[in-house]
Ligand code: SF4
Ligand code: F3S
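In full-length UniProt numbering, the protein residues as written are 2 to 107.
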């Protein structure tokens, strides 16, 4: 499965959702996650993310390992998103900020 990690938080550009052939992205208030039960490892979403927030599970950097479980947990409660939504005005200012998990709204 692929995993959405820290740099998506408060950026949430949503470019990723349009390319997913199995609609496995789920949307929270300021973050997106991938349902590991649905992802077919097509790899299409990874290069679409302007924030570089998506990794194959086996390539997730050590500091982001908690996101593997977080994607599984939150995808079970958040609704599916299949179309791009409006990006927050301050998204670009959050791009590259570290440890944004402190700002995650669940
Ligand atoms: Fe969807 Fe493919 Fe990305 Fe998995 S790897 S989330 S199936 S676009
Ligand atoms: Fe997040 Fe990147 Fe998608 S910022 S919403 S994973 S395009």
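We put the CB at the ideal spot given by N, CA and C, even for glycine.
8 Å Cβ cutoff met for residue i and residue j
| i | j | result |
| --- | --- | --- |
| residue 1 | residue 26 | Limits of the chain in this structure are 2 at one end and 107 at the other, which puts residue 1 out of reach. |
| residue 61 | residue 5 | no |
| residue 22 | residue 43 | yes |
| residue 75 | residue 107 | yes |
| residue 2 | residue 55 | no |
| residue 73 | residue 11 | no |
| residue 126 | residue 50 | Missing from the structure shown is residue 126; the chain here goes from 2 to 107 and no further. |
| residue 66 | residue 7 | no |
| residue 59 | residue 15 | no |
Coil, strand or helix - residue i by DSSP
| i | result |
| --- | --- |
| residue 20 | helix |
| residue 67 | helix |
| residue 35 | strand |
| residue 41 | coil |
| residue 87 | coil |
| residue 27 | strand |
| residue 55 | strand |
Proximity test, residue i beta-carbon vs the ligand SF4 heavy atom, cut-off 7 Å
| i | result |
| --- | --- |
| residue 32 | no |
| residue 22 | yes |
Per-residue burial, residue i [other beta carbons within 10 Å of its own, 16 or more giving buried]
| i | result |
| --- | --- |
| residue 63 | exposed |
| residue 77 | exposed |
| residue 90 | exposed |
| residue 24 | exposed |
Given 8 Å, three or more beta-carbon pairs between the segment 42-57 and the segment 77-87:
The segment 42-57 makes no contact with the segment 77-87; the number of CB pairs closer than 8 Å stays below 3.
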